[in-house]
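Here's the structure we're looking at; comments come further down.
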Amino acid sequence: MKLYEPKTIRYIKDKYGFRFSKNLGQNFLTDKNIIDKIVDGAEIESEDTVLEIGPGIGVITCEAAGKAGKVIAVEIDKALIPVLEETLGEFNNVKIINGDILKLDVNSLLDEEKAENVKIMGNLPYYITTPIIMKLLEEGVRARSITIMMQKEVADRIKALPGSKSYGALSVAVQYYCTVKKIADVPRSVFVPQPNVDSTVLRLDIRSEKAAEAEDEELFFSCVRAGFGQRRKTLLNSLQTVKGVNREVAEESLKDAGIDAARRAETLSLEEFAQISNQIRRRL
Ligand code: SAM
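Here the numbering used here is used: the sequence shown runs in plain steps of one and ends on residue 276.
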């Protein structure tokens, strides 16, 4: 039985009475080429531990298990646990956990499992892609990379560079922690059931050093949010929505950072945001 074939999904529906949950973003992959691209894109080595988010019926899991030392698969849907126990039964290096990745203390789990060289993977439900990525990055997840499939538009925002229309707070946040590589575009036609969006697979390689030297990360992200919260306004105006920043502080900080007060957030590099927030910090 080939897991990725639509007839396997039919078999599982009949045998386990499984029903797709729209609420859990269940769109299962049925294309071996795409599965291979994701797994190859993650560059898994035999000494790696893969943490997979949302294995579904295990199509990515079984390919990863053939390459990694160990795979830990976290699936929220209780109904899929007996299915995964059957579909992944032949592997003795796979641990299936019934849980919600958003509620799990991921680093504690990785410690408990003595996971080394951690690579995170997943074909994520579209509506929680950003919360999952930000949770992992903000918590400082002990991983080398995160290879994930997401809605194409979200991927466009994550990888956007200054000056482009998609560049925004999400681009800055992810690029602050990671370098971003596009692995593949994926058409909606390869999923069952078919979603109404196309997808992209990105690999986020977690940086050993952050991309910019922000002395106060919280203030740095406040400046980023303020800038993009009012994209059409000049920095002189938008920065005044940061707590404690008045016109004078904004003006002087921009001047000392060497940045024209009439520029807009969408033109700023990460390093320029850091310089501005460092100057503001000195004045608060
Ligand atoms: N990996 C499978 C594939 O590619 O065919 C399934 C992908 S499907 C888009 C997303 C999977 O994530 C579903 O199996 C769903 O039940 C699971 N899921 C949804 N929310 C989750 C959460 N918060 N934590 C863990 N798994 C979740």
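Think of the CB as a built atom: it goes at the ideal place given N, C-alpha and C, for glycine as much as any other residue.
- Taking a contact to require three or more Cβ pairs closer than 8 Å, the stretch 52 to 69 and the stretch 18 to 31 qualify as touching.
- DSSP places residue 14 outside both helix and strand once states are collapsed to three, so it counts as coil.
- Of the other Cβ atoms in all chains shown, 16 or more fall within 10 Å of the Cβ of residue 147; this residue is therefore buried.
- Around the beta carbon of residue 43, 16 or more other beta carbons sit within 10 angstroms, so the residue counts as buried.
- Not a single heavy atom of ligand 1 lies less than 7 Å from the C-beta of residue 98.
- In the three-state reduction of the DSSP assignment, residue 137 falls in the strand class.
- A Cβ-Cβ separation of about 5 Å places residue 76 in contact with residue 88 under the 8 Å criterion.
- In the same chain as residue 223, and ignoring 5 residues on each side of it, the C-beta atoms closer than 7 Å to its own belong to 256, 257, 258, in chain order.
- The three-state reading of DSSP puts residue 222 in coil, since its state is none of H, G, I, E or B.
- Between residue 194 and residue 151 the beta-carbon gap is near 7 Å, inside 8 Å, which marks them as a contact.
- The Cβ atoms of residue 135 and residue 198 lie closer than 8 Å to each other.
- In the DSSP secondary-structure assignment, residue 62 is bridged to 41.
- Inter-segment contact for the stretch 154 to 163 and the stretch -1 to 18 is absent: fewer than three beta-carbon pairs are separated by less than 8 Å.
- With respect to residue 233, residue 218 sits close: the two C-beta atoms are nearer than 8 Å.
- When secondary structure is reduced to three states using DSSP, residue 33 falls in the helix class.
- Inter-residue distance for residue 266 and residue 251 is about 12 Å (C-alpha atoms, whole angstroms).
- In the displayed model, residue -7 falls within coil according to three-state DSSP, outside both helix and strand.
- Judged by DSSP secondary structure, residue 71 falls outside any beta strand (DSSP E); it is assigned neither H nor E.
- Boundaries for residue 189: no alpha helix (DSSP H) harbours it, and the DSSP string shows neither H nor E there.
- Taking 8 Å as the cut-off, the Cβ atoms of residue 59 and residue 86 do not count as close.
- Unbroken alpha helix (DSSP H) stretches of 4 residues or longer found wholly inside the stretch 103 to 152: 121 to 130, 144 to 151, given in chain order.
- Inclusion of residue 204 and residue 263 in the CB contact set at 8 Å is warranted, their separation being smaller than that value.
- Residue pairing from DSSP places residue 87 in a beta bridge opposite 64.
- Distances from the CA of residue 35 to each of 241, 235, 61 were compared; the closest alpha carbon is that of 61.
- In this structure, the alpha-carbon of residue 40 lies about 11 Å from that of residue 106.
- Under the three-state reduction of DSSP output, residue 75 falls in the helix class.
- Around the CB of residue 210, fewer than 16 other CB atoms lie within 10 Å, so the residue is classed as exposed.
- In the structure shown, residue 178 falls within a strand segment according to DSSP collapsed to helix, strand and coil.
- Linking residue 128 to residue 165 through their CA atoms gives a straight-line distance of about 12 Å.
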